[in-house]
Amino acid sequence: MSSLTITGVTRSFGSTRAVDDVTLEVPHGSFTTVLGPSGCGKTTLLRLIAGFLVPESGTIAFGSTVVAGDGVRPMPPQTRRVGYVPQEGALFPHLDVAANIAFGLPRDERGTTGEDRVAEMLDLVELPRDFRDRRPDELSGGQQQRVALARSLAPAPAVVLLDEPFSSLDAGLRGSTARAVRRALQATNTTALLVTHDQNEALSLADQVAVMRGGRLVQSAPPSEVYLSPSDPQVAEFVGRAVVLPGTARGTRATCALGEVVLTAPAEGDVALMVRPEQVFVDLAHAEGVRGTVEEVSYYGHDCAVQVRLDEGTSVLARMAGVRHPVAGDPVHLRVTGLVRAYTSAGLP
Amino acid sequence: MALLALVPLAYVASYVVIIGPVDLWQLVARPRIAELLRNTVTLAVACMAATAVLGVALAVLVERTDLPGRRLWHGLLVAPLAVPAFVNGYAWVSLDRSINGFGGAFLVVTLSYYPLVYLPVVAMLRRLDPALEESAWSLGHSRTRTFRTVVLPQLRPALLGGALLVGLHLLAEFGALSLLRFPTFTTAIYDQYGSTFNGAAATAMAGVLVLLCLVLLLAELRLRGDRRYARVGRGAARSAVPLALGTWRWPLVATVGAVVVLAIGVPAFSLVRWLLVGTSTEFPLGELAQALVSTVVLALAGAVATTLAAIPVVWLAVRHRGWASTVIERSTYVANALPGIVVGLALVVASLRLVPVVYQTAGLLVAAYAILFLPRAVVTVRAGLEQAPVVLDDVAHGLGLGPLATARRVTLPLIAPSLGAGAALVFLAISTELTATLMLSPIGTSTLATEFWSASSELRYGAAAPYALLLVLVSIPATVLLMRTDSPATTAAVEERVPA
């Protein structure tokens, strides 16, 4: 295993810059997710790392070995030692589970040692050992993904690359498969990069989240930092729901349609304020805060999203526990809890 | 390989250029040509219409109603594919010599070719999402109106594709029409070639025939349009609720039964009768075995050559998509529109002029088979390669395999079944091929088809019977393969308008 260092990598298709001057460091043994909407260049980035594409400029290095870069002849995919897990697993349909897992082992290791390795890998991805003789079409989607991960881990790769591996699974299976994959990667201390458009997946799995937009990397940071302190309002709106309001800042405080709020960092003058819906407290009983009327309630069981029209006209989204909630037409009072991120116009993209 | 496929077309085109418009017009503007044109077009139009109506009606009855014994009827309705049209023609004309001319040709050819419409329409009906029909009902459409406005438009590609195949087969048909004494361009070209070796007249007629084929192809493309028909989304569609026939049930069973009796009952009866009571019937085991062996050897050689030739064409088309690879792939289909007689004629002339040593060799005959049947191998192998997505290669490269090892350990094992299926289809097509074999087979080489032909064209019907029986027997496996409407061959036939 080694770290992954991407420096100033660019790749275009025709006149479109799919990946534009991306720099990213994935520390040894860590798990990074690349998050972005479809078409943002994240899969291209993955294919550049795997060696299926060659960058026009910039360098890619596994540990101290440069595998592609300015002046270096790009290393072909088969010598890079990457474990590649594509969407839907792409298990070899003509081979059983054991042969799939042992596929990347050297010929002399595919025998008895290979069998031990297959058993070890099945244990690692939390599948029963008697699955070894099954055919890919006898496995569920989640099981196929686990076998695909086992196959990629068996030859002890330098880096594991996962391309939206859970997108084809249904919601229930997605969570359990993702957690099993993370445990297997942690147990083997594998450097891993996963691309996804699913914010929940990106935030819940990774040590580091790299957000891509229009081919550029706009922020890379630990999940909580990306969520609570996104680099700009667009990142804020892509990573979870966000209420963005104009306001006026004076030092560590600012005023906006939701009243006075406390800022994460001092600012002055006109700002855009980013408030997460769960920071907006909906007061049903007391007349404290800014007055408004409930327009719409979306009930999810564990919580609910409440759309409130403030008396002064602004519409604001709040999230509250699902135990006791208002109905459309109810008068409520709103106030903001916790710190709020302010963006000065200079900081806006 | 694509270039080889274009030899016949190049031959006809260059001939037209060399001979010049004046001489060409003299050759073409003759009463004989006008008569052939009238015969060919009338028969083609009548048969395409009849097979379209028969094919769709039978498919709907079998797939969408509660007709008793639907599975059995399906098998019986596909069965005529196992009887080569020339064997069917022989069966009818040998029963009753008065079955000839337009009426006889129309009857025999319609009964031989309606499965070419029936089969793709059945496959399409099975693939249609019943949710579409259910939506139409829920919007207040009656079942009849739903069929007309929702189902029928979706059957269009299958129906047009099937009718096009009937037309192309008909333009290429030599044996049956010759036996039924209904002259068309194909039979006339053969007569011209055989009796006088009149290259100029034969080639001029071949030119008109090729034009007719292209007109058909273009008409089909035009009618089909750009609309998308396929079901959106994956997953198994539910099967539709069958329509209750009520009192129509038994009359319709009788109608379907009558089609089956005419299409396979009569040929079977005729064949058995000749085998049992024919005065010229004999079982020369030595000659039968010899014909069978040379048929098998030629078919094997042709199947291997054609399948090998298909691999690079398919590889380029699937893995390196672009206009050049599309042109190469499509150009192989052009040969599919060319009748065997044109391919045969072109190779005779081209070999005599350019490489005389290959004339009258088995190699040239195998080349003709490869040109004629490359599309069948291409569609089947292509279906296989589509099942081996390029992402599997990516995974294998990621796991340390170079391109050769990936081909050996991933791609070849995955496409092996379709290579086998493609080779089998070509093998079976070659073993019943008549026209090109008659023109190109080396002197002294007799195959089942040529032996059958020499006996039946001399009216020795009994002597032809054992060969006819063997021809039917070798056609059965391909027919069984086609009956599985989910097979890649059938899917390909539906989508690519290629006889599988």
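So the sequence lines, in the order shown, correspond to chains A and B. Read in order, the letters of the first sequence correspond to residues -17 to 331 in the numbering used here. Read in order, the letters of the second sequence correspond to residues 132 to 631 in the numbering used here. Idealized CB from N, CA, C, for every residue including glycine.
{"Asked": "Establish whether the CB of B:Ala430 and some CB of chain A are separated by less than 9 Å.", "Found": "no"}
{"Asked": "Determine the extent of the alpha helix (DSSP H) in which A:Glu250 is found, giving its start and end residues.", "Found": "First-last for A:Glu250: 241 to 257, but that is the beta strand (DSSP E), not the alpha helix (DSSP H)."}
{"Asked": "Report the start-end ranges of each beta strand (DSSP E) in the stretch 64 to 101 of chain A that is 3 residues or longer and not cut off at the edges.", "Found": "64 to 67"}
{"Asked": "How big is the Cα-Cα spacing for A:Ser327 and A:Ser(-15)?", "Found": "37 Å"}
{"Asked": "State the start and end residues of the unbroken beta strand (DSSP E) segment that holds B:Ile230.", "Found": "From DSSP, B:Ile230 is part of no beta strand (DSSP E); its letter is neither H nor E."}
{"Asked": "Which residue wins for smallest C-alpha separation from B:Ala188, given the options B:Ala536, B:Met336, B:Tyr249?", "Found": "B:Tyr249"}
{"Asked": "Is there contact here, the stretch 228 to 243 of chain A with the stretch 290 to 305 of chain A, by at least three beta-carbon pairs under 8 Å?", "Found": "yes"}
{"Asked": "May I have a chain-ordered list of the beta strand (DSSP E) segments no shorter than 3 residues that lie completely inside the stretch 491 to 526 of chain B?", "Found": "none"}
{"Asked": "Helix, strand or coil: how does DSSP classify B:Glu351 here?", "Found": "helix"}
{"Asked": "Decide if B:Gly364 is buried, meaning its Cβ has at least 16 other Cβ atoms within 10 Å, or exposed.", "Found": "Per-residue confidence for B:Gly364 stands at a pLDDT of 42, beneath the threshold of 50, marking its modelled position as unreliable; the derived number appears in the next sentence. Exposed."}
{"Asked": "Are there 16 or more other CB atoms within 10 angstroms of the CB of B:Leu342, so buried, or fewer, so exposed?", "Found": "exposed"}
{"Asked": "Indicate whether B:Leu565 and B:Phe305 have their beta-carbon atoms separated by less than 9 Å.", "Found": "yes"}
{"Asked": "In terms of DSSP beta bridges, what is A:Arg198 paired with?", "Found": "A:Arg195"}
{"Asked": "Buried or exposed for A:Pro58, going by 16 or more other Cβ atoms inside 10 Å?", "Found": "exposed"}
{"Asked": "For A:Val67, I'd like the list of residues in its chain whose CB is within less than 6 Å of its CB, leaving aside the five on either flank, ordered along the chain.", "Found": "Ala130, Leu131, Ser134, Leu144, Pro147"}
{"Asked": "Suppose the cutoff is 6 Å on Cβ atoms and the five residues either side in sequence are ignored; what does the same chain contact list for B:Asn219 look like?", "Found": "Val239, Ser243, Pro398"}
{"Asked": "Is A:Met103 helix, strand or coil by DSSP?", "Found": "helix"}
{"Asked": "To the nearest angstrom, how far is it from the Cα of A:Leu155 to the Cα of A:Ala267?", "Found": "40 Å"}
{"Asked": "Answer with yes or no whether the minimum CB distance from A:Arg92 to chain B is below 9 Å.", "Found": "no"}
{"Asked": "Is there a Cβ of chain A sitting closer than 9 Å to that of B:Arg540, yes or no?", "Found": "yes"}
{"Asked": "Which stretch, first to last residue, makes up the alpha helix (DSSP H) that contains B:Tyr245?", "Found": "Unbroken run through B:Tyr245: none, as it is neither H nor E."}
{"Asked": "Check whether the stretch 561 to 580 of chain B touches the stretch 445 to 465 of chain B, taking contact to mean three or more Cβ pairs, one atom from each stretch, closer than 8 Å.", "Found": "no"}
{"Asked": "If you count every other CB in all the chains shown that lies within 10 Å of the CB of A:Asn82, and 16 or more means buried, which is it?", "Found": "buried"}
{"Asked": "If you measure between the beta carbons of A:Ala300 and A:Val264, is that distance less than 9 Å?", "Found": "yes"}
{"Asked": "Assuming the contact rule is C-beta atoms closer than 8 Å, B:Ala448 and B:Thr457 should be a hit. Round their C-beta distance to whole Å, please.", "Found": "7 Å"}
{"Asked": "Note down, in chain order, each residue of its chain lying with its Cβ closer than 7 Å to the Cβ of B:Arg353, except the 5 sequence neighbours on either side.", "Found": "none"}
{"Asked": "Does the Cβ of B:Asp525 have 16 or more other Cβ atoms within 10 Å, making it buried, or fewer, making it exposed?", "Found": "buried"}
{"Asked": "Using beta-carbon positions only, say whether A:Thr258 and A:Tyr209 come within less than 9 Å of one another.", "Found": "Position check: residue 258 of chain A holds Arg in this sequence, whereas Thr was assumed. A contact, by the Cβ cut-off of 9 Å."}
{"Asked": "Report yes if the CB atom of A:Gly23 is closer than 9 Å to the CB atom of A:His179, and no otherwise.", "Found": "no"}
{"Asked": "Drop a sphere of 10 angstroms on the beta-carbon of A:Arg114, count the other beta-carbons inside from all chains shown, and report buried for 16 or more, exposed for fewer.", "Found": "buried"}
{"Asked": "Cβ closer than 8 Å: which chain A residues qualify as neighbours of B:Val512?", "Found": "Residues of chain A passing the Cβ test: none, with the nearest at roughly 16 Å."}
{"Asked": "Please report the distance separating the alpha-carbon of B:Arg362 from that of B:Leu263.", "Found": "Confidence at B:Arg362 is low in this model, with a pLDDT of 45, below 50, so its placement is unreliable and the value that follows should be read with caution. Whole-angstrom Cα-Cα distance: 10 Å."}
{"Asked": "From A:Leu109 to A:Ser186, what distance separates their C-alpha atoms?", "Found": "22 Å"}
{"Asked": "For B:Asp322, which three-state DSSP category applies?", "Found": "helix"}
{"Asked": "Alpha carbons only, please: which of B:Gln518, B:Pro520, B:Ala519, B:Thr537 is nearest the one belonging to B:Ala527?", "Found": "B:Thr537"}
{"Asked": "Listed from N- to C-terminal order along the chain, which residues in the stretch 509 to 534 of chain B have their beta-carbon within a distance smaller than 9 Å of any beta-carbon of chain A?", "Found": "Gln518, Ala519, Pro520, Val522, Leu523, Asp525, Val526, Ala527, His528, Gly529, Leu530, Gly531, Leu532, Gly533, Pro534"}
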